[in-house]
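End of the sequence shown = 1324 in the working numbering, gap-free, step of one.
Yeah, the Cβ is synthetic: ideal placement off N, Cα and C, and Gly gets one too.
Just so you know, these numbers come straight off a predicted model, no measurement behind them.
What follows is a single structure, written as structure tokens, with notes after it.
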Amino acid sequence: MATQGSLANDTEVVRNGIYPDYDSDIATFTQFVLGHTIRRVVQRNHNNNNEDSDDDDDNERMFEPTAEGDGLQVERVPCYPPLLQRIVDKDYMSDQATTFLIEVPLTELTEWDNTRGKDLAERATSNTLRYHSIFCSVMDDVLRDNIRPSNHQRRGRRHRNNNNRPANVNVNGTVLLRNAMDVLQEQRLALHRQSLQQQQNRDTNEGMDGDAANNGTNNLGNNTAAGKNDFPPLLMRRYELRILPIGRRGSFFPFHDQYIPQAILTAIPPPKGVSLRHVRSRNMGRLVTITGMVVKASDVKPMLQVAAYTCDVCGSELYRETNHRRDFMPERVCPVCAGGLDANNNNDDGRRRGPRRNMGILQLETRGSKFTKFQELKLQELPSQVPMGHVPRSLSVICRGELTRLANPGDVTTVDGIFLPQKVNEGQGYRGRSAGLMTTLFLDAQNIMVHKKSYEDSSIRDSLSEEEATQLDADLQRVATAEDPIGVLSKSIAPEIFGHADIKRALLLQLTGGVFRKMEDGMRIRGDINICLMGDPGVAKSQLLKHVASIAPRGVYTTGKGSSGVGLTAAITKDNMTGELSLEGGALVLADRGICAIDEFDKMDESDRTAIHEVMEQQTVSIAKAGIVATLNARASVLAAANPLYSRYNRHKSLSENINLPNSLLSRFDLMFLILDVPDVDRDMALARHVTFVHQNEGLEVRQEANEANDSDNDDADMNNNDNSDYDEEKGIVSPRLLREYISRARQHEPVVPPEVAPYIVEAYVSLRMQDRPGRNNRSSKVGDQTAMTARQLLSILRLGQALARLRFSDFVAREDVDEAIRLTHMSKASLTEDAGENGTGVRREDVMSRVFNIIRDYATTSNASHVEMRLAEAMVIRKGFTAQQLQACLEEYEALEVIQVNQSRTQIHFVS
412 MATQGSLAND
422 TEVVRNGIYP
432 DYDSDIATFT
442 QFVLGHTIRR
452 VVQRNHNNNN
462 EDSDDDDDNE
472 RMFEPTAEGD
482 GLQVERVPCY
492 PPLLQRIVDK
502 DYMSDQATTF
512 LIEVPLTELT
522 EWDNTRGKDL
532 AERATSNTLR
542 YHSIFCSVMD
552 DVLRDNIRPS
562 NHQRRGRRHR
572 NNNNRPANVN
582 VNGTVLLRNA
592 MDVLQEQRLA
602 LHRQSLQQQQ
612 NRDTNEGMDG
622 DAANNGTNNL
632 GNNTAAGKND
642 FPPLLMRRYE
652 LRILPIGRRG
662 SFFPFHDQYI
672 PQAILTAIPP
682 PKGVSLRHVR
692 SRNMGRLVTI
702 TGMVVKASDV
712 KPMLQVAAYT
722 CDVCGSELYR
732 ETNHRRDFMP
742 ERVCPVCAGG
752 LDANNNNDDG
762 RRRGPRRNMG
772 ILQLETRGSK
782 FTKFQELKLQ
792 ELPSQVPMGH
802 VPRSLSVICR
812 GELTRLANPG
822 DVTTVDGIFL
832 PQKVNEGQGY
842 RGRSAGLMTT
852 LFLDAQNIMV
862 HKKSYEDSSI
872 RDSLSEEEAT
882 QLDADLQRVA
892 TAEDPIGVLS
902 KSIAPEIFGH
912 ADIKRALLLQ
922 LTGGVFRKME
932 DGMRIRGDIN
942 ICLMGDPGVA
952 KSQLLKHVAS
962 IAPRGVYTTG
972 KGSSGVGLTA
982 AITKDNMTGE
992 LSLEGGALVL
1002 ADRGICAIDE
1012 FDKMDESDRT
1022 AIHEVMEQQT
1032 VSIAKAGIVA
1042 TLNARASVLA
1052 AANPLYSRYN
1062 RHKSLSENIN
1072 LPNSLLSRFD
1082 LMFLILDVPD
1092 VDRDMALARH
1102 VTFVHQNEGL
1112 EVRQEANEAN
1122 DSDNDDADMN
1132 NNDNSDYDEE
1142 KGIVSPRLLR
1152 EYISRARQHE
1162 PVVPPEVAPY
1172 IVEAYVSLRM
1182 QDRPGRNNRS
1192 SKVGDQTAMT
1202 ARQLLSILRL
1212 GQALARLRFS
1222 DFVAREDVDE
1232 AIRLTHMSKA
1242 SLTEDAGENG
1252 TGVRREDVMS
1262 RVFNIIRDYA
1272 TTSNASHVEM
1282 RLAEAMVIRK
1292 GFTAQQLQAC
1302 LEEYEALEVI
1312 QVNQSRTQIH
1322 FVS
């Protein structure tokens, strides 16, 4: 019967009628382990040369010329022997480490020998689980036969006695760290010597021939000295071996400081992760690379690898490997008591004894057994990988050892693993037998890379080459020093969508976010910005939501009608392995430190919508279900889109009546944009020209790039243009990669409000409150209560100001940031300042120039002044929702009409009588 270790296709295992020669592969891999060398840059630091001077003098140094730079010396050093020496000496990488990591990049095999190494790498890729056991056995043999304990004092743990790890000091002063297996090994050897002595005395007393007795004693002694002491190899291993696919470089010692020429990196690129639906039956047993999103992560639990038993009658020890099974049948009958044999069915004295009358029962010894950390992840396809109309597929990923706790729900990961089958409900008793021959699929992880955690961890500069990183820094500098960097970045958000300049500017601020504050008493003040887009159908609300969710490092897109309360917050699920109840995060929990885009927000049920109240203000999800009381983090910005209740916005009703959302929920949004589809000749003409231009030019490029992306399974094909620059000055936009990197670096700043700006914010807030007080001639009574300035909107202005300061790479909030935040607050309701005509069509009261001029004139009339200070006029205009450019255009137009005059220093505006 075939096992998991022998799973491979016939075309891969049998080639040209010749079966693989495992003995030859073992010899080849042994030569590779002992003879392979890697490149390392020689550090010319005179202060630190003394530490490795002894080791460098012992080995012959082989330098290689490089074309990367002047004065760079590269030498060839042994790859695996230094690591194996550390394993023998128990010289761990850190004080907290309990195991070693041995990485076997198949690329190193091909570089070591282009013929034998390449063939071995191909066979290891085709039948990875089998060759994983072969590589481990080779490592065990090399450690036993070729590596001897070092006489040098170990670094970092010399003469240290940890309470959790007993330590002894040998004659040379080296600290010998011993774990439970070491103690059992010593006790086992002592028992062997004692049993040999007893056997020799018994044979002597019984009159056995002396030569026969001596021969038996010598044979047993040789077996003991050779290490054949009934311990399985897995029990004594202090390392974890991982096989990396071709193109994947190692990241741990000794590969952490490996020097790789740029030509080799270009010739052998890293493997590209494919979606789950592209993994077929031909990949069974192979080493595959899959990219997806982690939607569920189980708790880390110990998994039994080697079970140790002890007989309660004869005291014999028995060890059995579980072979990575989910369950096993414990041994009950002692083989020594049953047949007079030892634990390995060998007869020590050469004489067969009959079964004992008192049959011993084996007891499982937890201390003598070996456990490893175990975690199961649920990997799901990315939204961009799912075809239209299909359901996302999911796959279980098994993580063991140091691969646990690397990924959390919501992380986009690339997993290198072995694609294997597993019986349905294995170990479930009757349910497992009733499943018959049905099997499920899982991925035995060998390597995990987390792509997008948060903006703080999503910097892509480290993954680029030196040339690309230099070009990226130059583009960032050009954007930061441009005339209007915020305008360039905001135009780069969904550039194919016409208009919505202020909305894109607000979405840029949402991606940047404010500063999170935690008070001394534990109170938290959120820094995430929540935005709601409300308006008529057909104004590209859904397109904006999807684009922002794709730019954010953690973006989750969902719809209100297709989402429930537990789907947004958290659900109670049953663990398939243990049957226990566990929590599975919803959309808001998966979008932690990201953006959760909720479309059709008004279509949600009222009972489901109440679950968002806590998330939008406290940024937590509290669960008290099925005996589970927990609080999950949901530090996500909410971007919602809602349609009016009566298909189109009715100006004769309030905002809450049109959207059909409670005021308590609307007040939690920092910005609420009302997008109305008002007929306007100039705007409609510009929109039609933009749409036709996109279909004539950019649409063809997008389709061509999409075809290339489908052929190569590369999601970043839109970045591979002929021009290496990510900043298009002609169009005034940047690439999504440059936009993410700019925001990532901007979020490293934590701006504060300086003392000279705080009174200005207080004065602006009070004046805005006075403008919206009842009894004034304003539109607040018609629009609804949500257009008035509230205390929550004061915090919104502070958050928007902090985001603007971050985009300037500043640590202080300026007055201009506060004015821009207030302007965005006014512009979010600018559509309601238009009157409705007789047929319901929107008619503008005044053009922009007239409204700007009226603001300045009304102030001069109220204050009975013939002139207005330029600084004061600019502040008033910006607070009303206009820009400084519109003010300058208004002044130039009315100055040409000789209505006003501006002095030569442009500090005062005089009205011509």
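Beta-bridge pairing of residue i - partner residues as DSSP gives them
i	result
Cys-722	Leu-773
Leu-918	Answer by DSSP bridge pairing: none, since Leu-918 is not bridged.
His-1024	BP columns for His-1024 are empty, so no partner.
Thr-1031	Asn-1044
Leu-655	Pro-516
Val-685	Ile-701
Glu-995	Ala-982
Where the alpha helix (DSSP H) through residue i begins and ends
i	result
Tyr-430	Element bounds for Tyr-430: n/a, residue is neither H nor E.
Ala-1300	1295 to 1307
Gly-976	976 to 979
Glu-1285	1281 to 1290
Arg-648	Counting along the chain, Arg-648 falls outside any alpha helix (DSSP H), and DSSP gives it neither H nor E.
Asp-556	539 to 556
Thr-382	Outside the shown range of the chain (412 to 1324) lies residue 382, about which nothing can therefore be said.
Lys-952	952 to 962
Ile-1233	1226 to 1238
Arg-1096	The question names Arg, but residue 1096 is Met in the sequence shown. That run of the alpha helix (DSSP H) goes 1092 to 1104.
Val-499	492 to 500
N-terminal and C-terminal residue of the beta strand (DSSP E) that residue i is part of
i	result
Ile-395	Residue 395 cannot be examined here, being either before or after the span of the chain that is shown, 412 to 1324.
Thr-700	698 to 708
Tyr-730	728 to 732
Lys-902	Per DSSP, Lys-902 belongs to no beta strand (DSSP E); it is in the alpha helix (DSSP H), 896 to 902.
Beta carbon of residue i nearer than 8 Å to that of residue j
i	j	result
Gly-996	Gly-978	no
Leu-655	Pro-493	no
Leu-652	His-735	no
Gln-1030	Arg-1046	yes
Ile-962	Arg-1151	yes
Ser-901	Ala-912	yes
Ile-936	Arg-928	yes
Thr-850	Leu-1082	no
Asp-551	Pro-644	yes
Thr-521	Ala-532	yes
Pro-665	Cys-490	yes
Ala-1157	Leu-1087	no
Val-706	Leu-1001	yes
Inter-residue CB distance, residue i and residue j (contact presumed, cutoff 8 Å)
i	j	result
Val-1040	Val-1032	Contact doesn't hold; Cβ gap of about 12 Å is too wide.
Gly-696	Asn-538	6 Å
Ala-1214	Leu-920	4 Å
Gly-703	Leu-687	6 Å
Ala-1008	Tyr-968	5 Å
Thr-777	Gly-812	Contact doesn't hold; Cβ gap of about 19 Å is too wide.
Outcome for residue i when other beta-carbon atoms lying within 10 angstroms are tallied against a minimum of 16
i	result
Tyr-433	exposed
Thr-1201	exposed
Val-802	exposed
Asn-1132	Only weak support exists for where Asn-1132 lies, its pLDDT of 41 falling under 50; the coordinates are left without a value.
Met-1287	buried
Cys-725	exposed
Leu-1077	buried
Gly-828	buried
His-1063	exposed
Thr-1273	exposed
Thr-1318	exposed
Ile-1330	There is no way to answer for residue 1330, as the model of the chain reaches only from 412 to 1324.
Thr-526	exposed
Asn-755	Confidence in Asn-755 is poor, its pLDDT being 48 and thus under 50, which makes the residue's placement too unreliable to answer from.
Asn-616	exposed
Residue i at chain D interface by Cβ criterion, 8 Å
i	result
Met-1287	No chain D appears in the structure shown, which is made up of a single protein chain.
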